[in-house]
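Below is one structure, written out as structure tokens; the observations come after it.
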Amino acid sequence: MLPPQRSAVRRGVFGAAVAALVVVLAACNNQVPLEPDRAAPDVGIQLFQLPWTAIADECEQTLAPNGFAWVLTSPPNEHIVRDEWWASYQPVSYELESRLGTRDEFADMVQRCDDAGVQIIADAVINHMTGQDDPGVGWAGTPYEHYDYPDLYGYDDFHHCGLTANDDISNYDDRAQVQTCELVNLADLDTSRQNVRDTVGAYLDDLLSLGVAGFRIDAAKHMDAADVEAIIVALPEGTRIMSEVIRGGGEPVQPEEYTAFGEVFEFTYARDLLPALASGFVNEPETEGDRPLHVPADKALVFIDNHDTERGEADLTYRDGDLYVIANALMLADDYGTPVVYSGYAFSDRDAGAPADDAGRVTPVSCAIATDLPADDYEDGARTCVQTWPAIAGMLEFRAFAMDFPRLEGVSEGDAYGFERAGRGVIAVNVGDEATSIQIPTTMQDGKYCDVVSGGRESWTNDGCRDDEFSVENGVATFALAPFTAAAIHLGTAHR
Ligand code: LM2
Ligand code: CA
């Protein structure tokens, strides 16, 4: 027997020879290329309550390698001093000092992420200031009162709607209430005033000067779309705008009002998908033309959950392991909208902030060395590290190979479902609690393909598949699937 080192060398040489042979054979027989073109990355990820230094590390170590295009951060500006995560949503000033890091750390993160090819989208809380009735002092030391923020805003810069007893929104069927009364007592900025627009604009410009690519507009529904637009048009062209407009059936304020100047988060997407998955079936979406009750695909940001819905309406979250993976896989394989993956931390108390030091600074945690994910059980406060789940990275790879090719009609077989991205990849899921098999017609060449859900990114090695392998025979892809699993193959995982 050879000493281990030599045998490793031998295998290396042998492997390289086999790889070369495969390339030559493929070329001779005019078979599928092993490296078809990849589309430019488009998928974003929300890294909820993660400090700037940690996001910079993620950009370099996990996000860029796994093919993410951009990160949505939590709000970067000065906020009230409280332990709950939602302190971030009560602005005291626009100084870039928060429990997630300093201005310098934020600037350094933007730079490092940019260098790694990952853009930063900042969460912009511009509808309101704090919800505190008593005077206080913010995280960076700025004193404030409910309707008085030094050098920024005074009493007249806020709406005092006079439409409800305490000026709080109580009726979402009333446009004036939704946009000029207070959302849970948060002092509501009068964004029709030019000085308010200018002050907000100066804050956004400051973030742009540090290199951010754009903004999530928090609570956009609570601002007149014309006001948001007036703020946005003053920004440099190309600034990416993602308005958060929670669709409410029958409500007067609809997401469509906000698409003229940017993208919107389309809450309907998860609402269509998740309840069905959770009860064991998959809704075949309308794939001809626009999807009903959805904004046009090029305006839509789609997501399985976010920091609000994982504490509320989302039927599937990190807690649901397998089904959550299936939901994300279906989203990433889909041809509607731009997917936003969500990565937060485990919690049992909806208010609990991310783990922090004695001074209240949130603890930076790296996901680069996380393994065996998703975990069956996360301890409260543990980061879910969704960006490193092999299934997620594998599906981003699938998307890169398949996203520019049409989504074909789905196939259902019992609790299994799947579809092809024409000629480029096939995904199949089993949302039932029994093993099953499904056959999906495909124009992909006959042959063997490695699964990217179990095997992750680069699931094909010279030694074979890292995990599951599926075949296409006579134009049909066959997937034998364990309960609650997804599988996906694409041209880049072809081998023979
Ligand atoms: C959002 N989008 O429109 C954010 O995504 C969401 O997370 C924010 O709510 C909300 N809008 C305001 O920016 C969170 C959180 C609330 C929290 C607020 C303000 O979900 O629970 O409200 O941030 O921090 C908290 C208390 C609430 C209290 C309010 C004002 O839960 O009871 O109202 O602060 O002190 C009296
Ligand atoms: Ca408002």
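Using this note's numbering, you'd call the opening residue of the sequence shown number 74 and step up by one each time.
All C-beta atoms in this analysis are idealised placements derived from N, C-alpha and C, irrespective of residue type, glycine included.
With contacts defined as CB atoms closer than 7 Å, Thr-146 and Ala-213 fail to qualify as a contacting pair. Per DSSP, reduced to three states, the secondary structure at Ser-544 is strand. Exclusion of the five residues before and after Thr-332 leaves Val-368 and Lys-372 as the residues of its chain whose Cβ lies within less than 6 Å of its Cβ. Taking 7 Å as the cut-off, the beta carbon of Ala-550 is found no closer than this to the beta carbon of Thr-509.
Counted as a single uninterrupted DSSP element, the beta strand (DSSP E) harbouring Ile-193 occupies residues 192-197.
Comparing C-alpha distances from Phe-121 to each of Ala-249, His-380 and Leu-136 shows the shortest one belongs to His-380.
C-alpha of Tyr-490 to C-alpha of His-295: approximately 39 Å in a straight line.
Around the beta carbon of Ile-399, 16 or more other beta carbons sit within 10 angstroms, so the residue counts as buried.
Approximately 16 Å separates the beta-carbon atoms of Phe-471 and Gly-483; this is outside 8 Å, ruling out the contact.
With contacts defined by Cβ atoms closer than 7 Å, Ala-402 and Val-525 do not form a contacting pair. Pairing Ala-475 with Gly-498 gives a Cβ-Cβ distance under 7 Å. Sequence-distant partners of Gly-454 (beyond 5 residues in either direction) whose C-beta falls short of 8 Å from its own C-beta, in its chain, are Tyr-418, Ala-419, Phe-420, Ala-425, Ala-427 and Pro-428. Annotated three-state conformation of Asp-519 is coil, per DSSP. Counting the other Cβ atoms within 10 Å of the Cβ of Pro-479 gives fewer than 16, which makes it exposed. By the Cβ test, the segment 162-173 is in contact with the segment 212-229, since at least three Cβ pairs between them sit closer than 8 Å.
For Thr-411, the three-state secondary structure derived from DSSP is strand. Shortest gap from the CB of Tyr-162 to any heavy atom of ligand 1: under 6 Å.
Asp-229 and Val-273 have their alpha carbons spaced roughly 16 Å apart. Not one heavy atom of ligand 1 falls within 6 Å of the beta-carbon of Val-368.
Tyr-222 is bridged by DSSP to Tyr-226. If you draw a straight line from the Cα of Asp-263 to the Cα of His-201, it comes to about 9 Å.
A contact between stretches requires three or more CB pairs, one per stretch, nearer than 8 Å, and the segment 331-346 meets this requirement with the segment 305-320. In terms of Cβ geometry, Pro-437 and Ala-127 form a close pair [threshold 7 Å].
Tyr-342 sits in a helix when the DSSP states are folded into three classes. Between Val-301 and Ala-293, the C-beta gap is smaller than 7 Å, which places the two residues in contact. One Cα belongs to Tyr-451, the other to Glu-386, and the distance between them is close to 20 Å. At a threshold of 6 Å, Asp-477 does not count as near ligand 1, since its beta carbon sits no closer than that to any of the ligand's heavy atoms. By the beta-carbon neighbour count (other beta carbons within 10 angstroms, threshold 16), Thr-534 is exposed. The beta carbon of Cys-523 sits closer than 6 Å to those of Ser-532, Trp-533, Cys-538, Glu-542 and Thr-566, all from its chain and outside the five residues before and after it, given in chain order. Rounded to whole angstroms, the gap between the alpha carbons of Asp-291 and Val-198 is 5 Å. Not one heavy atom of ligand 2 lies closer than 6 Å to the C-beta of Asp-524. Gly-394 is the residue among Pro-208, Glu-108, Phe-552 and Gly-394 whose C-alpha sits nearest the C-alpha of Trp-462. Only residues of its own chain outside the window of five on either side were considered, and among them Arg-172 have a CB closer than 6 Å to the CB of Gly-433, listed in chain order. DSSP lists Leu-554 as the bridge partner or partners of Thr-509.
Checking the 6 Å criterion, the Cβ of Gln-122 is out of range of every heavy atom belonging to ligand 2.
When distances are taken from the beta-carbon of Asn-258 to the heavy atoms of ligand 1, the shortest one is below 6 Å.
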